[in-house]
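For the sequence shown, full-length UniProt numbering begins at 1 and goes up steadily by one. We put the beta carbon where it would ideally sit given N, CA and C, even for glycine.
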Amino acid sequence: VERIRSIAEMLVWSSNRNGGCFEIFMESNVMEEVFSAIIDRGESELSTQVIQTMSILIQNIKREDELGYIMSHRFLNKLISSNFDLSVNNELVDYFISFLK
């Protein structure tokens, strides 16, 4: 969970300082590979962190090209259409609703 949070912090920091980490991270599809594997496992705590991380990225990425990349990426559709077991974890429900807003 902490590593996922660290990834989001690094990407926001890089984006806001015109660093190259964001481009490398996205071009190599690291986000899609890592987050898809986590969501496919169905673990509530990790899924919650992925949703929270995507919300952080969407809210804090300032560059339009980077935000456009995130918003148009097929992974976002996968995340939105995932069948999370929302009856098990209220925190997951809260983050998922916030993410959808």
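query                                                                               : result
Among Leu-76, Ile-61, Gly-20 and Leu-67, nearest to Phe-35 - alpha-carbon criterion : Leu-76
Simplified DSSP state of Asp-40, which is helix, strand or coil                     : helix
Gly-68 in three-state terms, based on DSSP                                          : helix
C-beta atoms of residue 105 and Ile-51 nearer than 7 angstroms                      : Any property of residue 105 remains undetermined from this structure, which presents the chain solely from 1 to 101.
Between the CA atoms of Asn-89 and Glu-43 - distance to the nearest angstrom        : 10 angstroms
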